[in-house]
Structures are given as structure tokens and as C-alpha cells.
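Notes follow once the structure below has been shown.
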Amino acid sequence: MDAVTKFETFVNDKLKQDLSIVNERREYVCQQIANYIKLRQGIENLQSFGDDGKILHNKVDLGFNFYAQANVEDTSKIFISVGFGFFLELTLEEALKFINKKIEHLTQVNQKLTVEASKIKANIKVVLEKLAQLQILNDDKPQQAVHW
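Residue numbers for the sequence shown follow my numbering, so the first one is 103 and each next one is one higher.
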């Protein structure tokens, strides 16, 4: 296998795959941030109604745009997933503090993934430039005639 083929294989099999994985992780983190922002807005709306501890009548999306009527008897506390299948019962104020810290943490994770993706893109660019140089060198070499 010549050097050009090795570089092409490295770019396609390793670097582009790594970039795809990092981008998928970034997408997941961005989706989590969006979900926490939506939850924070819901809690702030709940607080603005001033119905702390009173019954809330709401429609809940069960998935695929199927809704069910829900009655929440006590709106002073909510359950929040903290990961690994664990949930915490928090007051609305505690939940907002948790959410803000979680968004801050996820933003830092997203920034690190962005830097990692940039490094991989830079590596791809460097390898492709070297690949182009190798191809130019190979084209400049005189072709040896094959004699049968």
C-alpha cells in the first residue's frame, strides 16, 4: 500500500469517524441544554402564576403528539432526573439552582467538545494538504514503462 492510500484510509477511517462521534456527542449535549432551558422556563412560569402548592391542571405530551389530562395536586416540589436513573425531589427554588448549575456544566462540556472537533478538523485539513503534496510529487515522477 502506497503512502497516498494510507493517508486516505487514515482520514476516512479514523479522523472522519472521530469527528462524527464528537459531533454526535455535541448534539446530545446541546439537546440536554435545550431541555434544561425548557424546564427552567416551565418552572419560572409556574412560579409566576403564584400558585405554589396549589392544584395545576395541564395537558401532558405522552409522545407522538398524544396528550393526556394531568392534575398536579402540589406544585411546590418537582422531581428532576440527576442521571443514572435517579431523581431528586426539589423545591422550585432548589430546582432552578440545580438547573442553572447543570446548564453551566453542560455549556463547558459543549465548549470542550467544540475545541476537540476543531482540532480534528485541523488534523483532517493538514493530512489532506500533505496528501495533495504527495500526489503532486507522484505526478512529477517520470512514469516507468512496463515492458512485457
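Ideal Cβ placement from N, Cα and C applies to all residues, glycine included.
Owing to the predicted nature of the structure, the values given are computational and were not obtained by experimental measurement.
Taking the CB atoms as reference points, tell me whether residue i and residue j lie closer together than 8 Å.
i, j, result
"Gln134", "Leu208", "yes"
"Val106", "Leu190", "no"
"Val162", "Ala172", "yes"
"Val229", "Leu158", "no"
"Leu121", "Lys223", "yes"
"Leu236", "Phe109", "yes"
So, helix, strand or coil for residue i, using DSSP?
i, result
"Lys156", "coil"
"Glu175", "coil"
"Phe186", "coil"
"Phe112", "helix"
"Asp104", "coil"
"Asp241", "helix"
"Phe200", "helix"
"Phe166", "coil"
"Ile180", "strand"
"Glu191", "strand"
"Lys161", "strand"
To the nearest angstrom, how far is the alpha carbon of residue i from that of residue j?
i, j, result
"Glu196", "Asn114", "47 Å"
"Gln149", "Thr216", "35 Å"
"Ile139", "Ile205", "8 Å"
"Lys199", "Val124", "29 Å"
"Phe186", "Asp104", "48 Å"
Of the residues the options, which one's Cα is nearest the Cα of residue i?
i, options, result
"Cys132", "Ile222, Ser178, Gln143 and Val211", "Val211"
"Leu141", "Ala224, Lys156, Ile182 and Phe168", "Ile182"
"Leu192", "Ile180, Ile201, Lys203 and Asn202", "Ile180"
"Glu126", "Leu194, Ala219, Phe166 and Glu231", "Ala219"
"Glu129", "Gln213, Phe109 and Phe186", "Gln213"
Could you round the C-beta distance between residue i and residue j to whole angstroms and report it? I think they count as a contact, below 8 Å.
i, j, result
"Lys203", "Thr177", "Not really, about 22 Å apart at Cβ, beyond 8 Å."
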